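Trainee: Before I ask anything, here is the structure I am working with.
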Amino acid sequence: MLCVLSLMGGLLPRVKALIQREYLQRVRNKTFILTTVIGLLVILGLSFAPVIMDMIKAADKAKVTVLEQSGEVTKYLDSALQDKLPNGEREFAFQVVTAATSAEWPEKLQAAIEELKAGKSSAVLEIAPPQAPGGVVWHAKKIDMGGASTKVRTALQQMFTEQRIKASGLSPTELAGIFTPLDFQIRAEGLKAKTQEQQTQNVLLVYFLLFMLYFSLIVYGMHVANGVVEEKSSRVMEMMLASVQPATMMAAKIVGIGAAGLTQYAIWIGSGIGLLSLKNQGISLLPGMSFHLAGLDPLYLVYFGVFFILGFLLYAAMYAGIGATVSRVEDTNQAVSPMTFLIVIGFMLAMYSLFNPANPWIVGLSYVPFFTPMVFFARIVLTPVPVSEVLLGILDLLVSIGILIWLAGKLYRFGVLMYGKVSWRDLVRLIGSR
Amino acid sequence: MSLSLNSVSKSFGAKCVVNNLDLNIESGDVFGFLGPNGAGKTTTMRMILDIIKPDSGRIAWQGQPVSLKTAHRFGYLPEERGLYPKMMVAEQLRFFARLRGLSNSQAKKQIAYWVERFQLGDLAKKKANELSKGNQQKVQFILAILHQPEMLILDEPFSGLDPVNVELLKEAFRDLANEGRTIIFSSHRMEHVEELCNALCIIADGRIIAQG
Numbered sequence: 001m002l003c004v005l006s007l008m009g010g011l012l013p014r015v016k017a018l019i020q021r022e023y024l025q026r027v028r029n030k031t032f033i034l035t036t037v038i039g040l041l042v043i044l045g046l047s048f049a050p051v052i053m054d055m056i057k058a059a060d061k062a063k064v065t066v067l068e069q070s071g072e073v074t075k076y077l078d079s080a081l082q083d084k085l086p087n088g089e090r091e092f093a094f095q096v097v098t099a100a101t102s103a104e105w106p107e108k109l110q111a112a113i114e115e116l117k118a119g120k121s122s123a124v125l126e127i128a129p130p131q132a133p134g135g136v137v138w139h140a141k142k143i144d145m146g147g148a149s150t151k152v153r154t155a156l157q158q159m160f161t162e163q164r165i166k167a168s169g170l171s172p173t174e175l176a177g178i179f180t181p182l183d184f185q186i187r188a189e190g191l192k193a194k195t196q197e198q199q200t201q202n203v204l205l206v207y208f209l210l211f212m213l214y215f216s217l218i219v220y221g222m223h224v225a226n227g228v229v230e231e232k233s234s235r236v237m238e239m240m241l242a243s244v245q246p247a248t249m250m251a252a253k254i255v256g257i258g259a260a261g262l263t264q265y266a267i268w269i270g271s272g273i274g275l276l277s278l279k280n281q282g283i284s285l286l287p288g289m290s291f292h293l294a295g296l297d298p299l300y301l302v303y304f305g306v307f308f309i310l311g312f313l314l315y316a317a318m319y320a321g322i323g324a325t326v327s328r329v330e331d332t333n334q335a336v337s338p339m340t341f342l343i344v345i346g347f348m349l350a351m352y353s354l355f356n357p358a359n360p361w362i363v364g365l366s367y368v369p370f371f372t373p374m375v376f377f378a379r380i381v382l383t384p385v386p387v388s389e390v391l392l393g394i395l396d397l398l399v400s401i402g403i404l405i406w407l408a409g410k411l412y413r414f415g416v417l418m419y420g421k422v423s424w425r426d427l428v429r430l431i432g433s434r
Numbered sequence: 001m002s003l004s005l006n007s008v009s010k011s012f013g014a015k016c017v018v019n020n021l022d023l024n025i026e027s028g029d030v031f032g033f034l035g036p037n038g039a040g041k042t043t044t045m046r047m048i049l050d051i052i053k054p055d056s057g058r059i060a061w062q063g064q065p066v067s068l069k070t071a072h073r074f075g076y077l078p079e080e081r082g083l084y085p086k087m088m089v090a091e092q093l094r095f096f097a098r099l100r101g102l103s104n105s106q107a108k109k110q111i112a113y114w115v116e117r118f119q120l121g122d123l124a125k126k127k128a129n130e131l132s133k134g135n136q137q138k139v140q141f142i143l144a145i146l147h148q149p150e151m152l153i154l155d156e157p158f159s160g161l162d163p164v165n166v167e168l169l170k171e172a173f174r175d176l177a178n179e180g181r182t183i184i185f186s187s188h189r190m191e192h193v194e195e196l197c198n199a200l201c202i203i204a205d206g207r208i209i210a211q212g
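Chain order of the listed sequences is E and A. Just so we're aligned, residue 1 is where the first sequence starts under the working numbering, counting upward by one. Just so we're aligned, residue 1 is where the second sequence starts under the working numbering, counting upward by one.
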């Protein structure tokens, strides 16, 4: 016991020095500062996006000139299309031009089209023109998809259908009965979210956090591998070996870089939540969909933290072990490509699980440690997973991390003194040796 | 008898690098280790520092088998030496001082003394990769001796230095020897060994071929 304590006494300040160096070197790095600032700007941008989207949509005001014989259609459209823009103004403004006879028609149409071309109106609508009785022509400077023309078309369709049914002799009450929409409700069973909206919120949350996890596993994994290779290629490694063991160096490197990563995320997530609660409005990730703080279960953030840290440890150990077998900076990317590949597969699986979280394959694959951090997290948020299964997943991950750290430590111990190319056969031999 | 190696052997794969080596180095000795490239000098030094373990045989420092704990009392200048390329010299010195187990005040004193002695004052704020090779080597030498080790293990300490710096290093070397520290150093230059050491051995293919 005393011996262990005295050994620890010598070890702790050294480990502290190692971790501090790793941490400070990352945090002071220009790229690190730059990505942190860019991330903050993106978060700021996203949180103001709803306002900006509203401003963009407000420019979509449609001024429609309606050319018709009586003026009845304009009245109908005016009462049927009450859509409001986000700024409260009405989306549609109709201006009627009547042409009682077909002789007047071309002249009035010509005048209306000139106005359209001059930008005074955004569309000209011909109702039952002489050349196409019973038809409608929409003139605009652009062919819009699902915009104003579609809304007008739907309204007109409705009007004409009603007229045709009336002509067939049905009473207004019968008519209302025919048009009563079917009561169609969606209730999700076996999902955590009970409503569509909540499900959208959860999917958005998982999507966002998964992307962060994916991004940081690759970025910080590469940091670890590059850090090891830098120490090897600059030959500074052997200067340290008389003071600390390779396994200690590896552990300190992983902790230091992990701490730098957590610092970055603390800044991002902290400011994101801060902004959300300040504005009390949503963060918009996609136009039309926004993410609200109220829908956020704090437990999800805890799970995210757990899987973030465990996932990082798992992959960092692999990146460090493989990094230790590389001697030249140029070879790093190639050597770590299997891990990058695993992370990409994990991300794809997790993306798939967004839509099918209860798929038995997804459930099974979520226990494969390389995929657990991302896929299990998605499952937990989207489906009710019993606590025992969650603990099993975490335990599975912990055991795998233990094994991988042990393996990586071995590779590290031998790898750090090996310069030149290390083949797969060498790797197997190294792992097998004492 | 302070450092003893008893029938130490080490092979890498099929290649036997150190073969049944016996060596005794007395406290306070300046011991020269001579031999061609690939003779097993570096491997022997790494085994003394417990960086690699011998396949068979015993290595002991003052009666205790060598371990990381004994290695903390040694100073090591490896042949494959380097610095963190993007770190300031002053920062590297402070970092290594902590890694060698020095307290802040001790570190400050030692760093100030050696930076002054090796005329590195103007370079402290520079990054390591901006330094000439000779200056880098002086920094590396300081990193090996900052913690006033009982025994110094220097692998090819003079290679790649200009004559002025070789003299500077030799002077420091003699001072350290006069303070009673044990020094083991390897070289392939006979004149350095003759000039500096009071005991030596020549090894080739992992065996001692001459001693005295």
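Positions of the beta carbon are idealized from the N, C-alpha and C atoms, including for glycine. Because the structure is a prediction, the values reported are computed rather than measured.
Go ahead and label Thr-383/E buried or exposed: buried means 16 or more other beta carbons lie within 10 angstroms of its beta carbon, across all protein chains shown.
Mentor: buried
Trainee: Select from Gln-157/E, Phe-184/E and Thr-101/E the residue whose C-alpha is nearest the C-alpha of Ser-70/E.
Mentor: The residue with the shortest Cα to Cα distance from Ser-70/E is Thr-101/E.
Trainee: Determine the extent of the alpha helix (DSSP H) in which Ser-353/E is found, giving its start and end residues.
Mentor: 332-355
Trainee: Name, in chain order, the residues that DSSP records as bridge partners for Met-47/A.
Mentor: Its beta-bridge partners do not exist; DSSP assigns none.
Trainee: Cα separation between Ala-107/A and Ile-52/E?
Mentor: 57 Å
Trainee: Would you list, in chain order, the members of the stretch 63-89 of chain A that have their beta-carbon closer than 9 Å to a beta-carbon of chain E?
Mentor: Leu-68, Lys-69, Ala-71, His-72, Phe-74, Gly-75, Tyr-76, Leu-77, Pro-78, Glu-79, Glu-80, Arg-81, Gly-82, Leu-83, Tyr-84, Pro-85, Lys-86 and Met-87
Trainee: For a minimum of 4 consecutive residues, which ranges assigned as the alpha helix (DSSP H) are wholly contained in the stretch 157-198 of chain A?
Mentor: 163-178 and 190-196
Trainee: Give the secondary structure of Phe-307/E by DSSP, where H, G and I count as helix, E and B as strand, and everything else as coil.
Mentor: helix
Trainee: Against chain A, which members of the stretch 389-403 of chain E pass a CB distance test of less than 8 Å?
Mentor: none
Trainee: Across which residues does DSSP place Trp-138/E in a beta bridge pair?
Mentor: Note: Trp-138/E is bridge-paired with Leu-125/E in the DSSP secondary-structure output.
Trainee: Hey, quick one: how far does the beta strand (DSSP E) through Asp-209/A stretch, first residue to last?
Mentor: Reading off the sequence, residue 209/A comes out as Ile, not Asp. Ile-209/A -> beta strand (DSSP E) spans 207-211.
Trainee: Just checking: is the beta-carbon of Leu-241/E within a distance shorter than 9 Å of some beta-carbon in chain A?
Mentor: yes
Trainee: I want to see whether chain A comes within less than 9 Å of Leu-253/E, judged by CB atoms only; does it?
Mentor: Per the sequence shown, residue 253/E should be read as Lys rather than Leu. No, Lys-253/E lies away from the interface with chain A (no Cβ there is under 9 Å from its Cβ).
Trainee: Given a limit of 7 Å on CB to CB distance, which residues of the stretch 117-151 of chain A reach chain E?
Mentor: Gln-140 and Leu-143
Trainee: Considering only their Cβ atoms, is the gap separating Leu-176/A from Ile-208/A smaller than 9 Å?
Mentor: no
Trainee: Drop a sphere of 10 angstroms on the beta-carbon of Leu-152/A, count the other beta-carbons inside from all chains shown, and report buried for 16 or more, exposed for fewer.
Mentor: In the assembly as shown, Leu-152/A is a buried residue. Its beta-carbon has 16 or more other beta-carbons within 10 Å.
Trainee: Quick one: list the residues of chain A neighbouring Arg-452/E, beta-carbon separation under 7 Å, in chain order.
Mentor: For chain E, the structure presents residues 1 to 434; residue 452/E sits outside this window and is missing.
Trainee: For Gln-110/A, is the classification buried or exposed, using 16 other Cβ atoms within 10 angstroms of its Cβ as the cut-off for buried?
Mentor: buried
Trainee: Less than 9 Å between CB atoms is the rule here; does Leu-5/A satisfy it with respect to chain E?
Mentor: It does not; no Cβ of chain E falls within 9 Å.
Trainee: Please report how far the alpha carbon of Pro-246/E lies from the alpha carbon of Tyr-412/E, in whole angstroms.
Mentor: 6 Å
Trainee: Would you kindly work out how many angstroms separate the C-alpha atoms of Lys-127/A and Thr-200/E, rounded to a whole number?
Mentor: 51 Å
Trainee: Only counting the same chain, and skipping five residues up and downstream in sequence, which positions put a Cβ closer than 8 Å to that of Leu-175/E?
Mentor: Glu-162, Ile-165 and Lys-166
Trainee: At the level of alpha carbons, what is the spacing between Ala-14/A and Asn-20/A?
Mentor: About 16 Å.
Trainee: In angstroms with no decimal places, state the Cα-to-Cα distance between Ile-345/E and Ala-358/E.
Mentor: 18 Å
Trainee: Who are the neighbours of Ala-17/E on chain A, taking C-beta pairs under 8 Å?
Mentor: Chain A residues near Ala-17/E: Phe-95, Arg-98 and Leu-99.
Trainee: Determine the burial state of Ile-343/E: buried for a count of at least 16 other Cβ atoms within 10 Å of its Cβ, exposed for fewer.
Mentor: Result: buried.
Trainee: Have a look at Glu-156/A and Leu-313/E and give me their C-alpha separation to the nearest angstrom.
Mentor: 39 Å
Trainee: By the 9 Å beta-carbon criterion, what residues does the stretch 192-210 of chain E contribute toward chain A?
Mentor: Against chain A - using a Cβ distance shorter than 9 Å - the stretch 192-210 of chain E contributes no residues.
Trainee: Are Phe-158/A and Arg-189/A close, meaning C-beta to C-beta below 9 Å?
Mentor: yes
Trainee: Does the stretch 205-222 of chain E come into contact with the stretch 40-54 of chain A, if we say contact requires no fewer than three beta-carbon pairs (one atom in each stretch) closer than 8 Å?
Mentor: no
Trainee: Note down, in chain order, every chain A residue with its Cβ under 7 Å from the Cβ of Val-236/E.
Mentor: Gly-82, Leu-83 and Tyr-84
Trainee: With a cut-off of 8 Å, do at least 3 Cβ pairs link the stretch 39-48 of chain E to the stretch 110-122 of chain A?
Mentor: no
Trainee: Output, in chain order, the set of chain A residues within a Cβ distance shorter than 8 Å of Arg-26/E.
Mentor: By Cβ distance, chain A contributes nothing, its closest Cβ being about 12 Å from Arg-26/E, past 8 Å.
Trainee: Within 10 angstroms of the Cβ of Val-244/E, are there 16 or more other Cβ atoms? Answer buried if so, exposed if not.
Mentor: buried
Trainee: Have a look at Ile-178/E and Phe-355/E and give me their C-alpha separation to the nearest angstrom.
Mentor: 36 Å
Trainee: Using the beta-carbon of each residue, which ones in chain E are nearer than 9 Å to Ile-184/A?
Mentor: One finds nothing in chain E with a Cβ atom closer than 9 Å to the Cβ of Ile-184/A; even the nearest lies about 13 Å away.
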